[in-house]
Amino acid sequence: MKRLFREFIKGITIENPTFGLVLGLCPTLAVSTSLVNAIGMGVSATFVLVGSNTIISLLRRFISERIRLPAFIVIISTFVTICELVMKAYLPVLDAALGIYVPLIVVNCIIMARAEAFASKNGVLLSLFDGLGMGIGFTLALAIIASLRELVGAGSLAGFRFWLHFEPVTMIILAPGALLTLGLLIALVNFIQEKKKRN
Amino acid sequence: MGNNLIVSPSPHLHKKESVAKIMWMVVVSLIPTGLAGIFIFGLPALWVIILGVVSALVTEAGIQFLAQKKITICDGSAFLTGLLLAYNLPAGVPFWIPIVGSFFAIAVAKMVFGGLGRNIFNPALAGRVFLLASWPKYMTTFFTPSFPFLRGSYDALTTATPLAQLKEGKLKEAISYLDLFLGNRPGCIGEVCILALLLGAAFLLIRGYISWHIPFSFIVTTGILTYIFGGKTLFSGDWLFHILSGGLILGAFFMATDYVTSPLSFKGQVVFGIGCGLLTAVIRLWAGYPEGVSYAILIMNAFVPLIDRHIRPRIYGQVKSKK
Numbered sequence: 000m001k002r003l004f005r006e007f008i009k010g011i012t013i014e015n016p017t018f019g020l021v022l023g024l025c026p027t028l029a030v031s032t033s034l035v036n037a038i039g040m041g042v043s044a045t046f047v048l049v050g051s052n053t054i055i056s057l058l059r060r061f062i063s064e065r066i067r068l069p070a071f072i073v074i075i076s077t078f079v080t081i082c083e084l085v086m087k088a089y090l091p092v093l094d095a096a097l098g099i100y101v102p103l104i105v106v107n108c109i110i111m112a113r114a115e116a117f118a119s120k121n122g123v124l125l126s127l128f129d130g131l132g133m134g135i136g137f138t139l140a141l142a143i144i145a146s147l148r149e150l151v152g153a154g155s156l157a158g159f160r161f162w163l164h165f166e167p168v169t170m171i172i173l174a175p176g177a178l179l180t181l182g183l184l185i186a187l188v189n190f191i192q193e194k195k196k197r198n
Numbered sequence: 000m001g002n003n004l005i006v007s008p009s010p011h012l013h014k015k016e017s018v019a020k021i022m023w024m025v026v027v028s029l030i031p032t033g034l035a036g037i038f039i040f041g042l043p044a045l046w047v048i049i050l051g052v053v054s055a056l057v058t059e060a061g062i063q064f065l066a067q068k069k070i071t072i073c074d075g076s077a078f079l080t081g082l083l084l085a086y087n088l089p090a091g092v093p094f095w096i097p098i099v100g101s102f103f104a105i106a107v108a109k110m111v112f113g114g115l116g117r118n119i120f121n122p123a124l125a126g127r128v129f130l131l132a133s134w135p136k137y138m139t140t141f142f143t144p145s146f147p148f149l150r151g152s153y154d155a156l157t158t159a160t161p162l163a164q165l166k167e168g169k170l171k172e173a174i175s176y177l178d179l180f181l182g183n184r185p186g187c188i189g190e191v192c193i194l195a196l197l198l199g200a201a202f203l204l205i206r207g208y209i210s211w212h213i214p215f216s217f218i219v220t221t222g223i224l225t226y227i228f229g230g231k232t233l234f235s236g237d238w239l240f241h242i243l244s245g246g247l248i249l250g251a252f253f254m255a256t257d258y259v260t261s262p263l264s265f266k267g268q269v270v271f272g273i274g275c276g277l278l279t280a281v282i283r284l285w286a287g288y289p290e291g292v293s294y295a296i297l298i299m300n301a302f303v304p305l306i307d308r309h310i311r312p313r314i315y316g317q318v319k320s321k322k
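Going down the list, the protein sequences come from chains C and E. Under numbering that gives the first Met the number 0, think of the first position of the first sequence as 0, with each following residue one higher. Under numbering that gives the first Met the number 0, think of the first position of the second sequence as 0, with each following residue one higher.
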C-alpha cells in the first residue's frame with residue numbers, strides 16, 4: 000500500500016514530468032496558452048498514460064525485447080484514437096483548440112518513457128498508479144503554466160476577464176512567452192529544492 | 000596592508016580603466032543624443048528617459064537586495080541599460096511602458112543570467128523587443144517632431160517613421176538627407192538625431208572605449224546591401240537613406256558594441272558586424288517589419304559564443320603550426 004502511494008505521489012512531486020524530468024515539452028509549450036486547453040490536454044494525456052501503462056504492464060512478458068517499441072506504440076495509439084474520437088464527438092470546441100496536439104500524444108515522450116522505464120518492468124497495479132500520478136503531475140504543471148500565461152498574456156482565466164484596466168502582455172501568450180514562463184518556473188522549482196537540501 | 004601582495008596570473012599590466020568608468024563614459028557620450036531628443040520631441044521624451052533610467056536602477060537594486068548580493072547600481076551598467084531602452088522608445092508612450100521595459104531588461108535579460116558580464120543578449124534591446132511584441136500599438140505610434148521649445152506648442156501629429164512609409168510604399172515626398180541627419184523626422188527618442196549620435200560615437204572612438212570594427216562593418220554591410228537590392232533595379236538603392244533612417248547609427252555604435260554581448264577578437268567583431276548588417280538589410284528589404292536593427296543585433300548576440308570559439312586571437316609568442 001505504501002509502495003503504491005509512493006509511486007503515485009512521485010509523479011506529482013519530485014519526478015514531475017514537466018518540472019522534474021522535463022519531458023513532453025512540445026505539448027507543454029504549445030497548449031499552455033489557456034487554462035481550458037491545458038486541462039483538456041492534461042486529462043487526455045492522463046487517460047492515455049493510465050491505459051497504456053496498464054496494458055503494457057499486463058503484456059510485459061509476451062512482448063519480445065526486440066520489437067517492444069513498435070508494440071508500445073500500437074498500444075498507445077489505440078488509446079489516443081479512443082481519446083481523439085471521444086473528444087471529436089462530445090467536445091468539438093476543445094478538439095478544434097488542441098488540433099494536431101491530440102493525435103501527437105502518441106509520440107509524447109512522457110508516455111513512452113513511462114512504458115519503457117516503468118510499466119514494462121513492474122506489476123499492473125503499480126504501473127496503473129504510476130501512470131495516474133504522472134498524468135496528474137503533468138496536468139497540474141500544465142495548469143500552473145497555462146494559468147500564469149493566460150492571466151498575464153490575455154488578462155483572463157479560463158475565459159473570464161477580471162481586470163478591466165489591464166493591457167495584456169501579448170508576448171507571454173506567444174511562443175517566446177511559453178519558453179520564458181517554463182524556464183522561470185523550472186528555475187523556481189530548482190531554487191526551492193536547493194534550499195530544502197541545504198536545510 | 001595584506002592586500003598589497005596579490006598573486007595573480009598574467010597580464011600584470013593594468014589600465015586604470017574600470018567597468019564603472021567605461022559605463023559612465025558611454026552614458027556621457029549619449030548625453031547630446033538625449034538633449035537632441037528632448038529638443039525635438041519636448042518634455043514627454045524627458046519623462047520617458049527619467050522613468051526608464053530610474054526603474055532600471057530600482058529593479059537592479061531590488062533584485063540584488065532580495066538575492067542578498069552586493070548592490071552595484073553605481074557601476075553605471077543599469078543606468079546605461081535604462082537610458083538605451085528609453086532612447087529606443089517613441090516619445091509619446093504611456094508612462095508604464097518604460098517602467099515595464101526596464102524591469103524586463105534588467106530582471107529577465109540580465110539578472111536571471113547572473114548579472115553584469117553573464118548576459119547573452121543586450122538587455123536594453125531585449126526590453127525593447129519584449130515591448131514591441133507585447134504592445135505594438137504603443138511602440139509603433141510615432142509623432143512628428145514638434146520642437147516645442149522653438150515654437151512654444153506641443154502640436155504634433157502621429158505618423159509612421161520614414162522606413163515604415165517606405166515599407167508600405169507610400170513615402171510621400173522624399174525626406175531630405177539633411178533632415179534625416181539632424182533628426183527632423185518621426186522616430187524613437189534617441190535614434191533621430193544622427194549628428195548628436197556621431198558626436199558621442201566620435202568621443203568613444205577617440206578615447207578608445209569602442210573600436211571601429213563592429214560599427215564600420217555593420218553600417219557598410221547594410222549600406223552595400225541596400226544599394227544593391229534596395230532599388231527597383233539592381234545597384235540603384237538609396238543607401239544613404241537606409242543608413243540615416245531607423246536605428247542603425249544608434250544600434251551600430253552604442254548597442255552592437257556592448258562589451259558583454261559582442262565577440263572578443265577584432266576579426267570576430269568584423270564577422271559580428273557583417274552578420275548584423277546582413278540581417279538588418281534582409282529584414283528591412285524583405286521581411287514584415289520596417290526596421291530590423293534590434294532583431295539583427297539580438298540574433299547575432301546568440302552567435303557570439305560560436306564566433307569566439309572559432310575565431311581566436313593569436314596568443315602572444317605562439318607560432319603558427321605547419322601542417
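A virtual CB, placed ideally from N, CA and C, is assigned to each residue, including glycine.
Cutoff 7 angstroms: residue i Cβ touching any chain E Cβ
| i | result |
| --- | --- |
| Met170/C | yes |
Buried versus exposed call for residue i [16 or more other C-beta atoms within 10 Å across all chains shown]
| i | result |
| --- | --- |
| Ala37/C | buried |
| Ala314/E | The sequence as given places Ile at residue 314/E; Ala does not occur at that position. Per the 10 Å Cβ criterion, exposed. |
| Leu177/E | exposed |
| Glu190/E | buried |
| Val49/C | buried |
| Arg148/C | buried |
| Met0/C | exposed |
| Cys73/E | exposed |
| Trp285/E | exposed |
| Asn121/E | buried |
| Leu88/E | buried |
| Lys194/C | exposed |
| Ile218/E | buried |
| Lys109/E | buried |
| Gly229/E | buried |
| Val324/E | Since the first and last residues shown for chain E are 0 and 322, residue 324/E lies out of range. |
| Tyr86/E | buried |
| Gln192/C | exposed |
| His212/E | buried |
Which residues DSSP lists as bridging residue i, in chain order
| i | result |
| --- | --- |
| Cys187/E | Pro89/E |
| Leu156/C | Phe159/C |
| Phe141/E | Thr158/E |
Rounded distance between the beta-carbons of residue j and residue i, thought under 8 angstroms
| i | j | result |
| --- | --- | --- |
| Leu181/C | Thr45/C | Leu181/C to Thr45/C, Cβ: 20 angstroms. No contact. |
| Phe112/E | Phe129/E | Not quite, the Cβ-Cβ distance comes to about 15 angstroms (not below 8 angstroms), so this is no contact. |
| Val35/C | Ala157/C | 6 angstroms |
| Thr256/E | Ile209/E | 4 angstroms |
| Val151/C | Val168/C | 5 angstroms |
| Gly182/E | Ala35/E | 6 angstroms |
| Thr17/C | Leu127/C | So it is not a contact: roughly 21 angstroms between Cβ atoms. |
Any non-hydrogen atom of the ligand NAP within 6 angstroms of residue i CB
| i | result |
| --- | --- |
| Leu34/E | Absence of the ligand NAP is noted for the structure shown, with no ligands found whatsoever. |
Amino acids of chain D, ordered along the chain, whose beta-carbon sits closer than 7 angstroms to that of residue i
| i | result |
| --- | --- |
| Glu166/C | Protein chains in the displayed structure are C and E, and chain D is not among them. |
### Query
Name the residues in the segment 126-154 of chain C whose C-beta lies less than 9 angstroms from a C-beta of chain E; which are they?
Taken in chain order, the members of the segment 126-154 of chain C whose beta-carbon sits within less than 9 angstroms of a beta-carbon on chain E are Gly152.
### Query
Which of the residues in the segment 122-155 of chain E, read from start to end, lie with their CB under 7 angstroms from any CB of chain C?
Cβ contacts with chain C: Phe129, Ala132, Ser133 and Trp134.
#### Entry: Proximal residues, the segment 5-39 of chain C versus chain E, C-beta separation under 8 angstroms
So the list is empty, because no residue satisfies the distance condition.
### Query
Of the residues that make up the segment 171-198 of chain C, which ones have a beta carbon closer than 9 angstroms to any beta carbon in chain E?
So the list reads Ile171, Leu173, Pro175, Gly176, Leu179, Gly182, Leu183 and Ala186, given in the order they occur along the chain.
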